[in-house]
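Residue numbers (the numbering used here), protein chains in the order written: chain U, 1 to 327; chain L, 1001 to 1184. Don't be surprised by glycine CBs; every beta carbon is placed ideally from N, CA and C. Step one of this worksheet: look at the structure below.
Now the structure itself:
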């Protein structure tokens, strides 16, 4: 550090963020959540301006590496990077050398060789981004790894709730549907319980996660419930998950119609929740399977807000993660 | 080295009063002025200048807050990102005379970043710069329109502005930065 930059640092409040990668939020402190939320507020303000672009990440190159299809996450990250003036290179597994058999670590090194500073990665196998982070010089952001984690989705869900509720603490949050296969549910459970909410996972027994019960303090705020009317009773937030047809080959539910009959979020069922209940869905919505179209586009729904807030939250994450040389 | 106090509370009050008079004197149409404080200590200074102008001329000057962190030119080289805070400009800045207010003018890089941030928000008819202290050592071709006090300083000195709103005390001091010059 030069003499000059030292003087320049005087009077500038720096963030307390020491993460090089964003792989999961299961070890986030409440102050880290708070920092992301506050930074996202500033980014949301930028997005409301006629010129929705700031030069913060000028000269940085951000790569997206998606081994699974995605519309909103990938485009949201790409736009977030562009709004911060970074350059973006998009790589889809199906149309790259991955299709020729290049392995994950080689692909990461190749992208780094062309100058990628941050790599946003989605992969069907849990832990893939952790593996990449072990070998990467660049920062890795996990945009979904198998059924494991989807940290930015959880952060944007938390942010969206905070736009409607004064705080997360004390809320009853219901996650409805296939939480066993859902990385969105998994990341949200860590985020919501860390902030002091109680989380009820509701769905057929075969689609509820295992291993979330035990002596550890965090488990006391997680409940499993197979009766939707009990689950929704007094709920502050209801999040319906997408029925992941691509992960249902194991035959965990006998028939999709039976699931619809018992667990679809309808306005009749929603009446058991609090009058100011917030209805969420990580998208894409299978209309009239996990949620009725009436509820999905009804007055309690914040589904579209989630998408636009996702942009602000991802800008915040990119800004925080690109600071300095962290090891 | 012990800090040397350059301005005390009374000095700061008189200095800001004089700057307010200069602003009134050089801006015929006070209704076109909007005062924008650069975070952090430019904000209370902007509020105080606006209050003095109101006391002297009965003119209500809108005051805004500008956070220019996202426009800094050293983001890539810093160890930690600066914390970004909200920007709030009370009305549009198109066609207005914006007076940017900061505590210390040093290299000019903050003023550059602030001007870039402002221009992304609209097209003011003019941007002027008001600073409580000008300590020299400019690295960019920038000068202030209203200066409270010129403090010639050496690069290994630190000029510290404390304001009651942020530091519970009104004081400008200069001291030798013992860390400066060390190879870090």
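Residue 1131 of chain L has a beta carbon lying at 8 Å or more from every beta carbon in chain U. Considered as a whole, the stretch 142-181 of chain U harbours 151-162 as its complete alpha helix (DSSP H) runs of no fewer than 4 residues, in chain order. Among the residues facing chain U, residue 1111 of chain L is not included, as its CB has no counterpart in that chain under 8 Å away. Proximity of residue 1044 of chain L to chain U, defined by a Cβ-Cβ separation below 8 Å, is not satisfied.
For the pair residue 1044 of chain L and residue 1117 of chain L, the Cα-to-Cα distance works out to about 20 Å. Nearest to residue 269 of chain U by C-alpha distance, out of U:176, U:195 and U:113, is U:176. When Cβ pairs closer than 8 Å are counted between the two stretches, the stretch 1100-1109 of chain L is seen not to touch the stretch 314-325 of chain U, the count staying below three.
Residue pairing by DSSP puts residue 1134 of chain L in a beta bridge opposite L:1105 and L:1150.
Residue-level contact by beta carbon fails for residue 1095 of chain L and chain U, as no gap is shorter than 8 Å. Counting along the chain, the unbroken alpha helix (DSSP H) around residue 1022 of chain L starts and ends at 1009-1026. In this structure, the alpha-carbon of residue 44 of chain U lies about 35 Å from that of residue 228 of chain U. By DSSP's assignment, residue 1175 of chain L forms a beta bridge with L:1158. Between the stretch 45-64 of chain U and the stretch 146-160 of chain U, the count of Cβ pairs shorter than 8 Å is below three; the stretches do not touch.
Per DSSP, reduced to three states, the secondary structure at residue 274 of chain U is coil, with no helix or strand assignment. Taking 9 Å as the Cβ-Cβ cut-off, the stretch 1070-1095 of chain L approaches chain U at 1070, 1071, 1072, 1073, 1074, 1075, 1076, 1077, 1078, 1079, 1080, 1081, 1082, 1083, 1084, 1085, 1086, 1087 and 1088, given in chain order. Annotated three-state conformation of residue 318 of chain U is helix, per DSSP. Taking all protein chains in view, the Cβ of residue 59 of chain U is surrounded by fewer than 16 other Cβ atoms within 10 Å, so the residue is classified as exposed. Each of L:1016, L:1003 and L:1004 was checked against the Cα of residue 1148 of chain L, and the nearest Cα belongs to L:1016.
Interface with chain L (8 Å Cβ-Cβ cutoff): residue 32 of chain U is excluded. Counting along the chain, residue 1093 of chain L sits inside no beta strand (DSSP E), nor does DSSP assign it H or E at all. Listed by position along chain L, the residues whose Cβ is nearer than 7 Å to that of residue 39 of chain U are 1084. Interface annotation, residue 1067 of chain L: in contact with chain U, CB-CB separation under 8 Å. At the C-beta level, residue 291 of chain U and residue 264 of chain U come within 8 Å of one another. Chain L has no Cβ within less than 8 Å of the Cβ of residue 19 of chain U. In its chain, beyond the 5 residues on either side, 145, 146, 147 and 148 have a beta carbon closer than 7 Å to the beta carbon of residue 126 of chain U. Excluding residues up to 5 positions away in sequence, 172 and 221 lie with their Cβ nearer than 6 Å to the Cβ of residue 198 of chain U in the same chain. Secondary-structure assignment with DSSP links residue 200 of chain U through a beta bridge to U:174 and U:223. Straight across, the Cα-Cα distance linking residue 207 of chain U with residue 100 of chain U is about 35 Å. Fully enclosed alpha helix (DSSP H) runs of no fewer than 4 residues occupy 293-296 of the stretch 278-304 of chain U, in order along the chain. Across the stretch 1118-1150 of chain L, CB contacts with chain U closer than 7 Å involve 1120 and 1121, in sequence order along the chain. Apart from sequence neighbours up to five positions away, no residue of its chain approaches residue 1119 of chain L with a beta-carbon distance below 6 Å. Interface with chain L (8 Å Cβ-Cβ cutoff): residue 115 of chain U is excluded. Under the Cβ criterion (8 Å, minimum of three pairs), the stretch 1123-1138 of chain L does not count as touching the stretch 1056-1075 of chain L. Within the same chain, and ignoring the five residues on either side of residue 40 of chain U in sequence, the residues whose Cβ sits closer than 7 Å to its Cβ are 159, 312, 313 and 316. Selection U:23, U:233, U:223 and U:319 evaluated against residue 122 of chain U yields U:23 as nearest (Cα-Cα).
Note that the stretch 85-92 of chain U does not touch the stretch 24-31 of chain U; fewer than 3 beta-carbon pairs, one per stretch, sit closer than 8 Å.
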